[in-house]
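J.: Have a look at this one.
In my numbering, the protein residues as written are 6 to 118.
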């Protein structure tokens with residue numbers, strides 16, 4: 006687990022994808038949200054994730070757990086900073102970012118559909 010620094014001096018725990026495959030498979034049984042856009046999600050996604058595009062995150066705030074830790078992933082890059090910043094500014098602080106986003110996940114043997 007690492008730390009990502011967000012705007013406004015916020016920090017975010019980061020889940021490192023570089024771990025043994027059995028642990029990764031256990032991880033995907035936990036609560037994971039995919040905030041990529043509809044096209045990226047349609048191209049390939051993990052079968053067990055909940056899809057809430059970043060552009061609609063404000064409309065679906067009640068979908069995110071208020072207390073239980075959950076994992077947030079995107080394609081990688083800028084949205085991985087924006088999504089947690091939006092949620093944290095709305096009082097949701099139990100977020101863990103998935104380092105490397107979907108690109109890192111595709112480099113494992115975890116099933117994507």
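Every residue, glycine too, gets a C-beta built ideally from N, C-alpha and C.
Just checking my contact of residue 80 with residue 108 at CB under 8 Å: how many whole Å lie between their CB atoms?
T.: Confirmed, about 7 Å.
J.: Can you have a look at residue 38 and say buried or exposed, based on whether 16 or more other CB atoms are within 10 angstroms of its CB?
T.: With 16 or more other Cβ atoms within 10 Å, it is buried.
J.: Helix, strand or coil: which one does DSSP assign to residue 11?
T.: Low confidence applies to residue 11: its pLDDT is 46, below 50, so where it sits in the model is not reliable, and the reading given next is rough at best. Coil.
J.: Going by DSSP, which residues form a beta bridge with residue 92?
T.: Note: residue 92 sits in no beta bridge, so no partner.
J.: Check this for me: beta carbons of residue 103 and residue 76, under 7 Å apart or not?
T.: In contact: residue 103 and residue 76 (Cβ atoms closer than 7 Å).
J.: Helix, strand or coil for residue 61? Go by DSSP, reduced to three states.
T.: In the structure shown, residue 61 sits in a helix (DSSP, three-state: H, G or I).
J.: Determine the DSSP secondary structure at residue 55, reduced to helix, strand or coil.
T.: Residue 55 falls in the strand class under three-state DSSP.
J.: Check each candidate in 46, 78, 72, 95 and name the one with the smallest Cα separation from residue 65.
T.: It is 95.
J.: Rounded C-beta distance between residue 91 and residue 69? I'm assuming under 8 Å.
T.: Going by Cβ atoms, the distance from residue 91 to residue 69 rounds to 10 Å, so no, they are not a contact pair.
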